[in-house]
Amino acid sequence: MPLSTVYYCQLPRQARQGIADKLRNKSKQSKQSNQSNQNKSYSIMDVAPESVDALMRQTGAELMIHGHTHRPAIHKLTHDRRRLVVGDWYQQGSVLSITPDSASLDVLPFDGACP
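Take 1275 as the starting number for the sequence shown in the working numbering and just add one per residue.
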């Protein structure tokens, strides 16, 4: 048992309940914030296409991998360039597989179980 759990279990029940309530409220706020992100326009939640194009031209890159725009996808750009976006890891995981010939992105929902 982790030391933090040992200490937590030694707290009075009322203190443990207060901590649990605060954590639940924080989780609820995070979920609400996450939901509001899903309702925002695509342009607010994604990267600026002009910036991506300029950076890729400047560096000679054919592939850009990034995350945390909350919209996992593989985007085909001009001049055979691609932009691969992994997800945000709140409610799903992203598995990106790249070979010299292909790229695939799988989104896997979390089942709530620890490995």
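From the three backbone atoms N, C-alpha and C, an ideal C-beta is built for every residue, glycine too.
**Report entry** With 16 other Cβ atoms within 10 Å as the buried cut-off, status of Thr-1373
**Finding:** exposed
Requested in this report: Give the C-beta separation of His-1342 and Asp-1327 to the nearest angstrom, bearing in mind that I take them to be a contact with Cβ-Cβ under 8 Å.
Outcome: The pair is not a contact, with the Cβ atoms about 20 Å apart (cut-off 8 Å).
Query raised in the report: In chain order, what residues of the same chain have a beta carbon less than 7 Å from the beta carbon of Gln-1366, not counting five sequence neighbours either side?
Result: Val-1381, Leu-1382, Pro-1383 and Phe-1384
Query - Option nearest Arg-1355 by Cα separation, candidates Val-1321, Arg-1331 and Ser-1371 - result: Arg-1331
Query raised in the report: What is the DSSP secondary structure of Ser-1325, reduced to helix, strand or coil?
Result: helix
Query raised in the report: In its own chain, which residues sit with a C-beta less than 8 Å from the C-beta of Met-1338, not counting the 5 before and 5 after it?
Result: Val-1326, Leu-1329, Met-1330, Arg-1355, Arg-1356, Arg-1357 and Leu-1358
Query raised in the report: Can you name, in chain order, every residue of its own chain whose Cβ lies under 6 Å from the Cβ of Ser-1371, other than the five neighbours on each side?
Result: Ser-1378
Report task. Please list, in chain order, all residues of the same chain as Ser-1368 whose beta carbon is under 8 Å from its beta carbon, the five residues on each side excluded. Result -> Gly-1341, Pro-1346, Val-1360, Gly-1361, Leu-1379, Asp-1380, Val-1381 and Leu-1382
Requested in this report: With a cut-off of 8 Å on the beta carbons, I'd call Tyr-1282 and Arg-1290 a contact; round off their distance for me.
Outcome: 7 Å
Query raised in the report: What does Gly-1367 pair with, by DSSP beta-bridge criteria?
Result: Leu-1382
Requested in this report: Alpha carbon to alpha carbon, how far is Lys-1300 from Pro-1323? Give it in angstroms, no decimals.
Outcome: 34 Å
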